[in-house]
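These protein sequence lines are chains A and B, in that order. According to the working numbering, the stretch in the first sequence is residues 12 to 407, in order. According to the working numbering, the stretch in the second sequence is residues 12 to 407, in order. Note that beta-carbon positions come from the ideal geometry of N, C-alpha and C, so glycine has one too. It should be emphasised that the depicted structure is a prediction, and the values quoted were computed from it without experimental measurement.
Protein chains: 2
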Amino acid sequence: MKIDAGRFLEDLDKLRSFGASGVGKGVVRPAYSEADMAARAWLTSRMIEAGLRVQTDAMGNLFGLSEGPSLLLGSHSDSQPEGGWLDGALGVIAALEVARAAREAGGSAVSVVSFQDEEGRFGVTTGSAVWSGHLAQDQADLLCDHSGVALADARRVVASTGAVDPSQFTGFVEMHIEQGPVLDSAGERIGVVSDIVGIRDMKITFEGQQNHAGTTPMHLRKDAFQAVSRFNSELNERLRNVVTPSTVWTVGHVSLHPNASSIVPGRAVFSMQWRDGDAERLGRMEAIIRSLANEIAEGMGMAVSFGPLLGLEPVAMDRGLREALELSAAKHAPDQWRVMPSGALHDATNVSRLMPVAMLFVPSIDGISHAFEEDTDEADLVTGVRVLAEAVASLK
Amino acid sequence: MKIDAGRFLEDLDKLRSFGASGVGKGVVRPAYSEADMAARAWLTSRMIEAGLRVQTDAMGNLFGLSEGPSLLLGSHSDSQPEGGWLDGALGVIAALEVARAAREAGGSAVSVVSFQDEEGRFGVTTGSAVWSGHLAQDQADLLCDHSGVALADARRVVASTGAVDPSQFTGFVEMHIEQGPVLDSAGERIGVVSDIVGIRDMKITFEGQQNHAGTTPMHLRKDAFQAVSRFNSELNERLRNVVTPSTVWTVGHVSLHPNASSIVPGRAVFSMQWRDGDAERLGRMEAIIRSLANEIAEGMGMAVSFGPLLGLEPVAMDRGLREALELSAAKHAPDQWRVMPSGALHDATNVSRLMPVAMLFVPSIDGISHAFEEDTDEADLVTGVRVLAEAVASLK
Chain A
12 MKIDAGRFLE
22 DLDKLRSFGA
32 SGVGKGVVRP
42 AYSEADMAAR
52 AWLTSRMIEA
62 GLRVQTDAMG
72 NLFGLSEGPS
82 LLLGSHSDSQ
92 PEGGWLDGAL
102 GVIAALEVAR
112 AAREAGGSAV
122 SVVSFQDEEG
132 RFGVTTGSAV
142 WSGHLAQDQA
152 DLLCDHSGVA
162 LADARRVVAS
172 TGAVDPSQFT
182 GFVEMHIEQG
192 PVLDSAGERI
202 GVVSDIVGIR
212 DMKITFEGQQ
222 NHAGTTPMHL
232 RKDAFQAVSR
242 FNSELNERLR
252 NVVTPSTVWT
262 VGHVSLHPNA
272 SSIVPGRAVF
282 SMQWRDGDAE
292 RLGRMEAIIR
302 SLANEIAEGM
312 GMAVSFGPLL
322 GLEPVAMDRG
332 LREALELSAA
342 KHAPDQWRVM
352 PSGALHDATN
362 VSRLMPVAML
372 FVPSIDGISH
382 AFEEDTDEAD
392 LVTGVRVLAE
402 AVASLK
Chain B
12 MKIDAGRFLE
22 DLDKLRSFGA
32 SGVGKGVVRP
42 AYSEADMAAR
52 AWLTSRMIEA
62 GLRVQTDAMG
72 NLFGLSEGPS
82 LLLGSHSDSQ
92 PEGGWLDGAL
102 GVIAALEVAR
112 AAREAGGSAV
122 SVVSFQDEEG
132 RFGVTTGSAV
142 WSGHLAQDQA
152 DLLCDHSGVA
162 LADARRVVAS
172 TGAVDPSQFT
182 GFVEMHIEQG
192 PVLDSAGERI
202 GVVSDIVGIR
212 DMKITFEGQQ
222 NHAGTTPMHL
232 RKDAFQAVSR
242 FNSELNERLR
252 NVVTPSTVWT
262 VGHVSLHPNA
272 SSIVPGRAVF
282 SMQWRDGDAE
292 RLGRMEAIIR
302 SLANEIAEGM
312 GMAVSFGPLL
322 GLEPVAMDRG
332 LREALELSAA
342 KHAPDQWRVM
352 PSGALHDATN
362 VSRLMPVAML
372 FVPSIDGISH
382 AFEEDTDEAD
392 LVTGVRVLAE
402 AVASLK
């Protein structure tokens, strides 16, 4: 099949016009906002023009369905509160273009989806979580956004035409920007995803003794921020023999109490998050994290406590789908592609509960994403959609 | 002269009734509040009963004046937003009792003061700062509290009877709780202050690169919180050869941007505060702090910047006044007193611009202050006022 690069880029540009904002190619199109709903109305018309039957479920997940069993392609069209023009949008428009090209070639049956609230106005990958059965609709409805609006109220703008049966799909392929610097810094064009890494996330609290910063001698202090600092510095060394080059760990959130320059911090709560493609490694890291925190607390005469461990298991991509993407990448981007894990979460994680899934990355310039500055060379966008189309054709 | 311990403790207890709040002996009596103004009205009547002439200046500093040249005793009667019953109040009621006892003995001329807003609803030691000429009234009037009320408006409740000429006072002695654990943990009763330490305070900012915590490999990160953690851990070692056992340094406030568990912190701003009685040592510490921060930023490929250096110089206590306190302490608390620096700021810092000053400490149980739980044994309170009275008598 033959994709139409001009039509593809034009549609991608048109989608950006819904919520275009901020500097450069920035987009503000959070789930269920006016811009999001207008974008979905336009997508509906483009799906119908492509000969697809449109169905919207109660969450607002928008499907363009091919007759009979089909391969599902897509991603999401909602954005971060301050997002870029490609995160999610690229996968939806690429799916639309491949569905059109497939139909024009009289080839594979391809359906298209734009999931709702991938960016987590209400949770994380909320629309696909509900569709996949990972999260019950009545539980999801209780989730509130930062201004206190419940999902149940926000989704009243959705004109649902009924549930979409997942059994009609033979698999799911999501094309996405990498959202990291690996491809761009290596000068490569395509990444075929091996697995979506698992995540562990836990709040850790050091409880020391709040004191006057002028009158409390150093040797009588139990400074909770000293404990966090030591933990964050020493953890890198402790993990060294357990991790791989693609393992990551982050302290991204810190809250001191009372957080005043003249008071020795009595309590420090911080987020500890780590990601890896191997569930066993995630477990070994957890053991090191807990024992280091305990050791530091004991050494400084403090208490330490651990919040609930939140986690998502690593998801391996389907071997057959992935192989089709690799063969296509080798043809369209010879010596300029690699197999790589996805460090970010995607709707594909949820969809993997229902069917075989695979993912395809194109580079993010300077690795920037979740920001107005997010961008990718047009040539790479077109290479990506060609790799996707050829892989889909080969699965026929 | 002979102090009346019962009358002293009764007045101290009565003062607590203005704004009594929270658990235990807690007090909520911020500057210019209804509780504060009612307490000052009661203090006025007690000063008059003690034969003192009352005068209130435009800031609301309340003086009970003896005729002719006199020694000024006192502290402040405003409290922290959630304060204890002794911080400031002890020094005011001790002054009142010694003034009464001196008068009854036909001895030394003693005046009494309760400064306004020592606890800094509007600044830091605001009332004595204005009285001492360190801060101009029209500048002070522009200061706002946390809810946006200007000092100029807050002080409209003050019925001023005119300025108070400092030249009538031969010196100033302030009795106070230690607000730290040194005396309590050593089982001692009295601290004679050698000097009020100097303070240096500076915001430091590490500027790295904000990134996705899932897709950014560890070796490509510029994590601003890693820089803060390393700085806070290594500083202790770097300062070791420069500091004394009474030197203190604190990172009490930290602010990460964007402070989210899934994002590598791109910017970290934190407070660096250090205190010592020796101005030269404060300077040597500053050089170490700046060079360590620069070194860490350079090693991690980040930028570092330093905010303005705020500082208060160390203030040595007057030799003659201090000697009188030492002799009295040796008599009333033999082998249970020490000479020590004050790590906290006090009104005496400002008053030292006008006249010789000295300070006297009694223990804080468990070192707790600026909290409802603040307390001191009654026996120690009485020992303190006896040491003060005997020292005053000896200065005659």
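In this chain, the alpha helix (DSSP H) harbouring B/E389 covers E389 to S405. One alpha carbon belongs to A/G117, the other to A/G17, and they sit about 21 Å apart. Within 8 Å of the CB of A/E401, no CB atom of chain B is found; the nearest one sits about 26 Å away. In the three-state DSSP reduction, A/F383 falls in the coil class, being neither helix nor strand.
Secondary structure of B/R27 (DSSP, three-state): helix. Look at B/L371 here: in three-state DSSP terms it is strand. Put simply, the stretch 334-351 of chain B does not touch the stretch 235-254 of chain B. Fewer than three CB pairs are less than 8 Å apart. Note on geometry: alpha-carbon atoms of B/E248 and B/A308 lie some 18 Å from one another.
Annotation: B/A106 to B/T255 spans about 33 Å, alpha carbon to alpha carbon.
At a cut-off of 8 Å between beta-carbon atoms, B/Q190 makes contact with chain A.
B/V193 places its beta carbon 8 Å or farther from that of B/D287.
Annotation for A/A105: the continuous alpha helix (DSSP H) segment containing it runs A100 to E115. For B/S272, the neighbours in chain A by C-beta distance under 7 Å run, in chain order, D212, G263, H264, S282 and Q284.
Look at B/D358 here: in three-state DSSP terms it is helix. DSSP places A/V184 in the strand class (E or B) of the three-state scheme. Taking B/M328 as the centre and dropping the five residues before and after it, the same chain places the C-beta of V204, S205, D206, V368, A369 and M370 closer than 7 Å to its C-beta, in chain order.
Residue environment analysis places B/Q66 among the buried positions, since at least 16 neighbouring C-beta atoms fall within 10 angstroms of its C-beta. Excluding the 5 residues flanking it on each side, B/S119 has same chain C-beta neighbours closer than 7 Å at L82, A113, V403, A404, L406 and K407, in chain order. For A/M229, the secondary structure class from DSSP, reduced to helix, strand or coil, is helix.
Using beta-carbon distances, A/T137 does not count as an interface residue toward chain B, since no partner is under 8 Å.
Look at the stretch 114-182 of chain B and you find these whole runs of beta strand (DSSP E), each 3 residues long or longer: 121-126. Taking a Cβ-Cβ threshold of 8 Å, the residues of chain B close to A/T227 are G191, P192, V259, G354 and G378, in chain order. DSSP places B/I210 inside the beta strand (DSSP E), whose first and last residues are G209 to E218.
Between A/N72 and A/F126, the alpha-carbon positions lie close to 5 Å from each other. With contacts defined by Cβ atoms closer than 8 Å, A/H381 and B/H223 form a contacting pair. Residue pairing from DSSP places B/R278 in a beta bridge opposite B/E218 and B/H268. Going by DSSP, B/R64 is part of the beta strand (DSSP E) stretching over R64 to T67. For B/W96, there is no enclosing beta strand (DSSP E), as DSSP marks it with neither H nor E.
Your pair B/F372 and B/H187 checks out as a contact, with CB atoms roughly 6 Å apart and the cut at 8 Å. Segment contact: the stretch 332-340 of chain B against the stretch 274-287 of chain B, fewer than three CB-CB distances shorter than 8 Å; contact not assigned.
Taking a cut-off of 8 Å for Cβ pairs, the stretch 259-277 of chain A and the stretch 223-233 of chain B touch, as three or more such pairs fall below it. Annotation for A/M48: the continuous alpha helix (DSSP H) segment containing it runs E45 to E60. Residues of chain A whose Cβ lies closer than 8 Å to the Cβ of B/S86 do not exist; the shortest such Cβ separation is about 16 Å. Sequence-distant Cβ neighbours of A/I299 in its own chain, meaning closer than 8 Å and more than five residues away, are L246, R249, L250 and V253. In the same chain as A/S158, and ignoring 5 residues on each side of it, no C-beta atom comes closer than 7 Å to its own. Judged by DSSP secondary structure, A/R40 falls outside any alpha helix (DSSP H); it is assigned neither H nor E.
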